[in-house]
Each structure stands twice: as structure tokens, then as C-alpha cells.
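Working notes, structure below.
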Amino acid sequence: MIRVELVKLVRRPRSWVSLVLLCGLPVLVAVFVAVTHLAPPPGQGPALLSAVLSSGSLYPAAALAIVLPIFLPVAVAVVAGDSIAGEAGSGTLRYLLARPVGRTRLLGAKLIALIVYTLSAVILVAVTAYLTGIALFGAQPVAATPGGLTTSNIAATSLSGSGLSPAAIALRTIGAVAFIAVSMLGVGAIALFLSTITDSALGAALGALAALITSEVLVTLNAASAVDPYLPTRYWLAWIDFFRDPIVWRNIERGFAVQGVYVVVFLAASWAHFATKDITS
Amino acid sequence: MIVTRGLTKRYGHLLVVDQIDLDVREGDRYGFLGPNGSGKTTVVRMLLGLVYATSGEITVLGQPVPKRVGEVLPSIGSLVEGPSAYGHLSGRANLALIDAAGKSGSRRTRRSRIAATLDRVGLGGIDNRPVKRYSLGMRQRLGLAAALLRTPKLLILDEPTNGLDPQGIREIRDLLIELNAAGTTVFLSSHQLSEVEQLCTRVGIVDQGRLVRQDDLETLRALTGRSIVRTPDTDRAREVLDGQIELAQAGRLVVADPDTAALNSRLVGHGVRVTEIAAERRSLEDVVLSVTGSGSDRVDVVDGDQR
Numbered sequence: 056m057i058r059v060e061l062v063k064l065v066r067r068p069r070s071w072v073s074l075v076l077l078c079g080l081p082v083l084v085a086v087f088v089a090v091t092h093l094a095p096p097p098g099q100g101p102a103l104l105s106a107v108l109s110s111g112s113l114y115p116a117a118a119l120a121i122v123l124p125i126f127l128p129v130a131v132a133v134v135a136g137d138s139i140a141g142e143a144g145s146g147t148l149r150y151l152l153a154r155p156v157g158r159t160r161l162l163g164a165k166l167i168a169l170i171v172y173t174l175s176a177v178i179l180v181a182v183t184a185y186l187t188g189i190a191l192f193g194a195q196p197v198a199a200t201p202g203g204l205t206t207s208n209i210a211a212t213s214l215s216g217s218g219l220s221p222a223a224i225a226l227r228t229i230g231a232v233a234f235i236a237v238s239m240l241g242v243g244a245i246a247l248f249l250s251t252i253t254d255s256a257l258g259a260a261l262g263a264l265a266a267l268i269t270s271e272v273l274v275t276l277n278a279a280s281a282v283d284p285y286l287p288t289r290y291w292l293a294w295i296d297f298f299r300d301p302i303v304w305r306n307i308e309r310g311f312a313v314q315g316v317y318v319v320v321f322l323a324a325s326w327a328h329f330a331t332k333d334i335t336s
Numbered sequence: 009m010i011v012t013r014g015l016t017k018r019y020g021h022l023l024v025v026d027q028i029d030l031d032v033r034e035g036d037r038y039g040f041l042g043p044n045g046s047g048k049t050t051v052v053r054m055l056l057g058l059v060y061a062t063s064g065e066i067t068v069l070g071q072p073v074p075k076r077v078g079e080v081l082p083s084i085g086s087l088v089e090g091p092s093a094y095g096h097l098s099g100r101a102n103l104a105l106i107d108a109a110g111k112s113g114s115r116r117t118r119r120s121r122i123a124a125t126l127d128r129v130g131l132g133g134i135d136n137r138p139v140k141r142y143s144l145g146m147r148q149r150l151g152l153a154a155a156l157l158r159t160p161k162l163l164i165l166d167e168p169t170n171g172l173d174p175q176g177i178r179e180i181r182d183l184l185i186e187l188n189a190a191g192t193t194v195f196l197s198s199h200q201l202s203e204v205e206q207l208c209t210r211v212g213i214v215d216q217g218r219l220v221r222q223d224d225l226e227t228l229r230a231l232t233g234r235s236i237v238r239t240p241d242t243d244r245a246r247e248v249l250d251g252q253i254e255l256a257q258a259g260r261l262v263v264a265d266p267d268t269a270a271l272n273s274r275l276v277g278h279g280v281r282v283t284e285i286a287a288e289r290r291s292l293e294d295v296v297l298s299v300t301g302s303g304s305d306r307v308d309v310v311d312g313d314q315r
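Read top to bottom, the protein sequences are chains A and B. Those letters in the first sequence? Residues 56 to 336, by my numbering. Those letters in the second sequence? Residues 9 to 315, by my numbering.
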């Protein structure tokens, strides 16, 4: 069944279009920045973008920062929201279940396809951004940074200003990719749950995005500080801490924990609802 | 093959299926007949484990449903409320996906089985166009192909000839009769009297969620004890059959005598020309109309609501 779901994912034009768009936006930004050499000053614009001019090898992190706020959650929510509701809407759900495909197995296969999609999206963005960064900004070994060391094996500077070796940057990027993938799975789990409730794939995707927007609004609100640590988007940007020297683990750990709880709770809810639901679509 | 006891489904206050006791035997071509909205589709969905009954028991192929539905579904082919497929893929790709889903059929024989099944439903020469460019009739055939992919013991079909032209309907009917002769039990849910009348050997009539009649078609279409005589010599015939005629129209007489042979020789003996003579049977339509109300898509004003 997992194979069947992966085949469906791969043969769906929408999957490819969304991946191309996801990878395309950072390339577009890179081209503008490279042509004009006008990076936003540190602290403004997408995180890390200001550091990119000094070394292209930091661009994957900058690219992730560009797609993270909207593009990536939208893509993941659309795929996750489509998983059950899309089958229900097109009428194929009843035939799958009458095949028979066990409801738990179907949900599991959908989840694995979703994980594969999310991981490939994040990794593809990082890889294309790395290639774009190297091509447009070069992988200069020298980084002119306030307070940073400039030795030959220092490729770039961390946000804290000290130099990072290429290996360290690669490792930290992998850490960031993992963190963002898990954050997106949190979004996916919410959308998947909504997808078992409604027969409208669009409704499920928009519902998940509405939850995210609510969370974003509450995060900025001092009056909501009581619930702040439990909001799904609260630690979304914690992966930037991977690029500090030394790495600040506190928020990263909390981010992983919060997303883990969201994933587990919403997957359990999806399963509980889907396994006992009357399929009338 | 299918036995239900007191099968009931309630959606909130709405009683959709009310104490249905189905009995479909092996080898039957069972027609599940009822007006729109009478609960047919809900029953079909409950038989397949898609919808859970509020109360009552279901046994399909000897196993309790929905408890062990996973064991019986591989032997059932189904078509529920119209066919559906992934529109952006070809018919073959759709069948391959369906075949690979669940307890998948053997991959080695997949291609040949799909080709054979497509042939069977009259889509053997189909090209690689995506299903979204299929006509309604082609989709219906594709849905039937998906149901037949694993040579089921039981076919549960909900309105299988929707969208087909008269030739298509005929073809599908012949196919179902052929499958039935080879040992497949057919359970056909339909609101089309003619479809059921021409295909089925047993009929269950459902109305407003209740099974109001279940019997062999032959029994339902019993003789009425009357004969229909067509003759150009109406007046002469009336003299001969004095008192036995219940209804006389120009050229057509309804005679209160089921023995057509005796009636015929008597008429001919008196010089009455007979163009047609037959024992009268109840039509399925008469039976259905006598036991059902109007369909639920008709909403009449209830007395007292009107002020």
C-alpha cells in the first residue's frame, strides 16, 4: 500500500509543480541579491540572507528561511489535506476501502507518503539553494566578519560572528533541515486530521493554515503569553540557533518536543476518527 | 451469501434503514429495488463495511461484517454509487493501482489480468487517454472492470448501468448473466424496474428504509387468473364470452379465465378471429407500486402544516 501511495504522489503533476515553485523562489531571490548586491541588513528580511553575500554555502539556510513562513506550510498542508479528503472527494476512498485496504493501513501509507514529500521538499530546497549559492556567491573561504577569525578553513560566519568550517556548516544545515521537516510534519498532522473530518481537500488544507495563522498571531501577542510555549509556530525559527556558535540548544529542543506532541496527538486523533467513521462519500 | 438480521441505520433522528432482513442465496441474481432515497445505498455501504450499522447483524459469505470484513472483501467485487477513478491517469494505470492496493494481486499476472478484464467489459482497445476524458459510459465500464479484476464470488453493484446507452445496458446484462452462470452471485441495487425485471431471479423491494417484499421474481409476477384477448371481432367475442368479460376496449378484452388454450378453441369454434391471447401476469411495476409509497425526492405538504 505504501508503494501505491508513493506511486500516486509521484505521478501527480501537482507534487512536481509545488516542488519546482518551492525551489524556484530562493533561486529568484538569489538572482536579485547577486545582481544588485543589496542584501538586507542583518536583523531585517529573511534570516541569514545578509550573511549570504560573504559565502554561498550559507544560502541553503537562507533559502529555508525564505520558504518557511508561507510556501512550505502551504505545500505541506495541501498535500496532507488532500490525503484522505481528496480520495473521498474523488470517490476513490470507498473503492480503496472495499478492496480491502484496512483503514489504519491506508492512513499509515498516507502518512509515509506525506513524510516522504515533506522531507524531499525541504532537502530539495536546501540542495538547489546550495548549488545556487555556490554558483552565484561562490564558496569563498574568507569571511569578513566583525570579530570573526579569518583562517583558510573558515567558510562562513555564524550569526554570532565567529567562523564556521564547511563541515560544520553542512552539519548545522542538516540539523536545520531535520528541525524544519519535523515542524512541517506538525502542520501535516493537523491537515491530515482535518482531512479525515471533511470531504473537501481544500477545506482541510485551509483549516490547517488557519490554525497556523492563529498561532502566529498569538505568538506576537503579549496577552497570550500563557499559552505561548504550546503554540505550534512558537519555536519554528529556533533552527536559526543551529547557526550560532556555540549552538543554542534550548529552543531547538523545545521546538522538537512541541512538534512531537502535535504530531502524536493529531495522528492519534486522525486514526481514532477515521477508523470509526461512516464512509458516505 | 448475504444475510442481515434487523439491520438498522440511524443518522441522528433520521431513520435511514429500518429492520431489514435480507436473504441473498448463492447463485442468485438478486435485485434490490426501491425508489430514490429509500436506503438502498446505505445498505450496500453497510454490507461492504463502509458504514457501520446502528444495530442488527450482517453476515456476508459466512463471515460477520464489519468485524471480519477484511476476510470477505477480497472475494467481493463492488460498484457503489457510480464509478470513480483518478482522472489524471489512464484506465489501465487506475486498474493497476487498484489491483496493487490492499492484499494485492500477483504483480506478474497483473498486466494480463487487466487486459482480460478490460476486454470483458468492452474496453479492450482503450488507448492511454486519462480517465477524465472518458465518457460516462466508459467510466461505468471501467468501474465494472475494477469490480471484476479478481474474479469475485459475489458482485455488489449499485446502479451499474447508469449512463450506458441501450446497447451498453444489454451488454452489461449479458455479461452479468454469463458471470452468474459461471457461479458468481449478483446483488444488484437499482431503482429501474426494467433492469431488475430483465436480469434478476429474486427481488427485494425496499421503501423508506424497510424491506417490504422479498421473493422470487416468478412468485411476484404471479398469474392474475385473467386472460388478455385481442381480436378484431369484439362484438362477436362478447356474445360468446357473455358474463366473463371484465373489461372490453376496442380490440382488447380482459377475460376472467386463466385457461388460454380452452378459451382460444372456444372463441375460434364460434368463428371469432383471435390475433393474440395470453394469460395476464402482474407486472413488477404493479407489485412495486402496490407496496411502496412515493420516493423521498418528492416532498408533499403534510396536513396541518398548511395554514
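All C-beta atoms in this analysis are idealised placements derived from N, C-alpha and C, irrespective of residue type, glycine included.
In three-state DSSP terms, what is residue i?
{"i": "residue 204/A", "result": "Its pLDDT being 32, under 50, residue 204/A is placed unreliably in this model, and the coordinates cannot settle the point."}
{"i": "residue 20/B", "result": "coil"}
{"i": "residue 288/A", "result": "coil"}
{"i": "residue 200/B", "result": "coil"}
{"i": "residue 166/A", "result": "helix"}
{"i": "residue 142/B", "result": "coil"}
{"i": "residue 264/B", "result": "coil"}
{"i": "residue 88/B", "result": "coil"}
{"i": "residue 252/B", "result": "coil"}
{"i": "residue 103/A", "result": "coil"}
{"i": "residue 25/B", "result": "strand"}
{"i": "residue 334/A", "result": "coil"}
{"i": "residue 196/A", "result": "At residue 196/A, the pLDDT of 49 sits below 50, so the modelled position is not reliable; the number obtained from the coordinates is stated separately. Note: residue 196/A maps to coil in three-state DSSP."}
{"i": "residue 193/B", "result": "strand"}
{"i": "residue 218/A", "result": "strand"}
{"i": "residue 173/B", "result": "coil"}
{"i": "residue 32/B", "result": "strand"}
{"i": "residue 141/A", "result": "helix"}
{"i": "residue 44/B", "result": "coil"}
{"i": "residue 303/A", "result": "coil"}
Alpha carbons only, please: which of the options is nearest the one belonging to residue i?
{"i": "residue 95/B", "options": "66/B, 205/B and 136/B", "result": "136/B"}
{"i": "residue 64/B", "options": "140/B, 12/B, 215/B and 109/B", "result": "12/B"}
{"i": "residue 88/B", "options": "49/B, 106/B and 18/B", "result": "49/B"}
{"i": "residue 291/B", "options": "67/B, 231/B, 134/B and 56/B", "result": "231/B"}
{"i": "residue 107/A", "options": "85/A, 270/A, 59/A and 175/A", "result": "85/A"}
{"i": "residue 139/A", "options": "118/A, 268/A, 228/A and 168/A", "result": "168/A"}
{"i": "residue 152/B", "options": "196/B, 228/B and 120/B", "result": "196/B"}
{"i": "residue 229/B", "options": "208/B, 216/B, 140/B and 240/B", "result": "208/B"}
{"i": "residue 326/A", "options": "110/A, 153/A, 185/A and 159/A", "result": "159/A"}
{"i": "residue 247/B", "options": "269/B, 279/B and 134/B", "result": "279/B"}
{"i": "residue 332/A", "options": "314/A, 122/A and 162/A", "result": "162/A"}
{"i": "residue 241/B", "options": "227/B, 251/B, 275/B and 142/B", "result": "275/B"}
{"i": "residue 144/B", "options": "111/B, 269/B, 107/B and 92/B", "result": "92/B"}
{"i": "residue 194/A", "options": "152/A, 145/A and 224/A", "result": "224/A"}
{"i": "residue 288/B", "options": "266/B, 282/B, 281/B and 295/B", "result": "266/B"}
Let me check you understand the geometry: is the CB of residue i closer than 7 angstroms to at least one non-hydrogen atom of the ligand HEM?
{"i": "residue 223/B", "result": "As far as ligands go, the structure on display features none, and thus does not contain the ligand HEM."}
Between which two residues does the alpha helix (DSSP H) containing residue i stretch?
{"i": "residue 256/A", "result": "256 to 274"}
{"i": "residue 226/B", "result": "225 to 228"}
{"i": "residue 58/B", "result": "No alpha helix (DSSP H) contains residue 58/B, which DSSP labels as neither H nor E."}
{"i": "residue 58/A", "result": "57 to 65"}
{"i": "residue 248/A", "result": "221 to 252"}
{"i": "residue 299/A", "result": "That residue, residue 299/A, is in no alpha helix (DSSP H); it is neither H nor E in DSSP."}
{"i": "residue 117/B", "result": "115 to 128"}
{"i": "residue 70/A", "result": "68 to 91"}
{"i": "residue 147/A", "result": "147 to 152"}
{"i": "residue 77/B", "result": "77 to 80"}
Look up residue i in the DSSP assignment and give the residues it is bridged to.
{"i": "residue 222/B", "result": "212/B"}
{"i": "residue 284/B", "result": "238/B"}
{"i": "residue 98/B", "result": "138/B"}
{"i": "residue 67/B", "result": "11/B and 72/B"}
{"i": "residue 289/B", "result": "231/B"}
{"i": "residue 126/A", "result": "Paired residues: none, contrary to the question."}
{"i": "residue 294/B", "result": "Answer is none; residue 294/B lacks a bridge partner."}
{"i": "residue 257/B", "result": "260/B"}
Starting from residue i, follow the beta strand (DSSP E) in both directions and report where the run begins and ends.
{"i": "residue 232/B", "result": "231 to 238"}
{"i": "residue 166/B", "result": "162 to 166"}
{"i": "residue 37/B", "result": "37 to 41"}
How about residue i: is its C-beta nearer than 8 angstroms to some C-beta of chain E?
{"i": "residue 72/B", "result": "Going by chain labels, chain E is absent from the structure shown, which instead holds the protein chains A and B."}
Do three or more CB pairs link the stretch 225 to 236 of chain A to the stretch 170 to 180 of chain A at distances below 8 angstroms? By the Cβ rule, the stretch 225 to 236 of chain A counts as touching the stretch 170 to 180 of chain A, because three or more pairs are nearer than 8 angstroms.
Between the stretch 245 to 264 of chain A and the stretch 131 to 149 of chain A, can you find at least three pairs of beta-carbon atoms closer than 8 angstroms? Because the criterion of three Cβ pairs below 8 angstroms is met, the stretch 131 to 149 of chain A and the stretch 245 to 264 of chain A touch.
Okay, do the stretch 59 to 75 of chain B and the stretch 314 to 328 of chain A touch, 3+ Cβ pairs below 8 angstroms being the bar? No, the stretch 59 to 75 of chain B does not touch the stretch 314 to 328 of chain A.
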